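Enquirer: First, the structure itself, so that you have it in front of you.
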Amino acid sequence: MPIPESKFNDWHGTGADKGSADARDKTRRALMSERSPLEQADEDYEVYLQGSYANTTHTRGSSDVDVVAKITSAWRSDLEELSEEEEERYNDDHDDADYDHRDFYDDVLTALRIKFGSSAVTPGNKAIKINKEKTSLLDVDVDVVACGEYRVYRTYPEGGDEDAEIDKGMHFMPQYDNDRVINFPKIHRENGREMHSNYKETVRIFKNARYYYNNHFDTLWTIDAHSYGIECLIYNVPESILKRTSRSDRFDETLSYLDNADFSTFDQVSEMESLFGDSNTQWSTDEADELITRLREMWDDWYSKRKNAQLFH
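So in our numbering, the last spot in the sequence shown is 329, and the numbers never skip.
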């Protein structure tokens, strides 16, 4: 028998927001205060949320807050779509920056240590980690991605950057490898907003279902699907399914659609890259298949006597 509607009513909501909002604000103030080396460098930059909190797809199991600190006065460019004339014009108009995203990273790290203390702030492979246990100022952990702007130029007319068609994202080089990370969190966020109103709710339902399967379902299997992959997977589900009012019917129909879908047509929410592939920002079809298989198992066997008694609670 399937999972009851009452369980989906437990799974559809967001997690707590107060601690995350406070952490975001304190992190922003640390980076943008008069004492901050970022302000003293006199370069253009911006600070904003990314990830599940920014996209309102966070659940009760969400923990750390993801903050982007991005220098915008220096950038890395993708000119592949430009004509030879446009590319030559672009190169004539631009020089290498004296202060780039690597200098910016060092100043972000310094600014955070000034605010939260050196012991609380640690460089990680992809993000600077602020540990809530080592500072009295935060109730949640924070990951700060210090990065440069990434620009995909679609056109470059005589008017230059002001008249050019540009898709803007972010890029950074991880600390421990040489595989540059490029993504587009603002485009991701905007595209998610334009989806049917049930889209984000459905993402949260699937995240919570994954958590429930891993922590309460009597099985030897584990769902390894990450939250970003789930968010992108649901983005590719037709609106005719997402708009279903019954959450249990929507869950069932989404699984059925995904079980028969052609994954080669699936995009990330930003629509700047395919969801599945071998790059460091793409996902494995094996993990997606595992997610679908295990959640279907939970749907089919919810009341089975072979399952954990916690299912009834």
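Idealized CB from N, CA, C, for every residue including glycine. Please read all numbers here as calculations on a predicted model, not as lab measurements.
Tell me whether PRO201 sits in a helix, a strand or coil according to DSSP, three-state version.
Expert: Here PRO201 sits in helix by DSSP.
Enquirer: Is ASP109 close to the ligand NAP? I mean its beta-carbon at under 7 Å from any heavy atom of the ligand.
Expert: Summarising the ligand content, the structure contains no ligands, and the ligand NAP is consequently not present.
Enquirer: From which residue to which residue does the alpha helix (DSSP H) around MET314 run?
Expert: Counting along the chain, the alpha helix (DSSP H) containing MET314 begins and ends at 301–316.
Enquirer: In terms of residue numbering, what span does the alpha helix (DSSP H) encompassing ASP123 cover?
Expert: ASP123 -> alpha helix (DSSP H) spans 117–132.
Enquirer: Go ahead and pull the three-state DSSP assignment for LYS321.
Expert: Here LYS321 scores only 42 on pLDDT, less than 50, and its place in the model should not be relied on; the value that follows carries that caveat. Three-state DSSP puts LYS321 in coil, outside helix and strand.
Enquirer: Restricting to Cα atoms, I'd like to know which of ASN141, TYR115, SER152, THR75 is closest to TYR192.
Expert: Nearest of ASN141, TYR115, SER152, THR75 to TYR192, Cα basis: ASN141.
Enquirer: Can you tell me the Cα-Cα spacing of TYR121 and ARG260, whole angstroms?
Expert: About 45 Å.
Enquirer: On the three-pair Cβ rule with 8 Å, is the stretch 34–41 touching the stretch 238–247?
Expert: The stretch 34–41 is not in contact with the stretch 238–247.
Enquirer: Quick check: the Cα distance between GLY67 and PRO201, rounded to an integer number of angstroms?
Expert: Their backbone Cα atoms lie some 8 Å apart in a straight line.
Enquirer: What's the gap between the Cα of HIS232 and the Cα of GLU96?
Expert: Rounded to whole angstroms, HIS232 to GLU96 spans 49 Å at the Cα level.
Enquirer: Where does SER36 land, buried or exposed, given buried means 16+ other C-beta within 10 angstroms?
Expert: Burial call: buried.
Enquirer: What do you reckon, are the CB atoms on ILE144 and PHE132 nearer than 8 Å?
Expert: Not in contact: ILE144 and PHE132 (Cβ atoms no closer than 8 Å).
Enquirer: Terminal residues of the continuous alpha helix (DSSP H) containing TYR273?
Expert: 263–276 is the span of the alpha helix (DSSP H), which, as asked, contains TYR273.
Enquirer: Could you check where the alpha helix (DSSP H) with PRO139 kicks off and where it finishes?
Expert: Run containing PRO139: none in the alpha helix (DSSP H); it sits in the beta strand (DSSP E), 137–139.
Enquirer: Along the chain, where does the alpha helix (DSSP H) containing ASP108 start, and where does it finish?
Expert: Taken as a continuous stretch (DSSP letters only), the alpha helix (DSSP H) holding ASP108 covers 100–109.
Enquirer: Using C-beta distances below 6 Å, list every residue in its chain close to SER286, excluding the 5 sequence neighbours before and after it, in chain order.
Expert: Counting only Cβ-Cβ distances below 6 Å, and skipping sequence neighbours, we find PHE200, ILE203, HIS204.
Enquirer: Assign GLY29 to buried or exposed, taking buried as 16 or more other Cβ atoms, counted over all protein chains shown, within 10 Å of its Cβ.
Expert: GLY29 should be labelled exposed.
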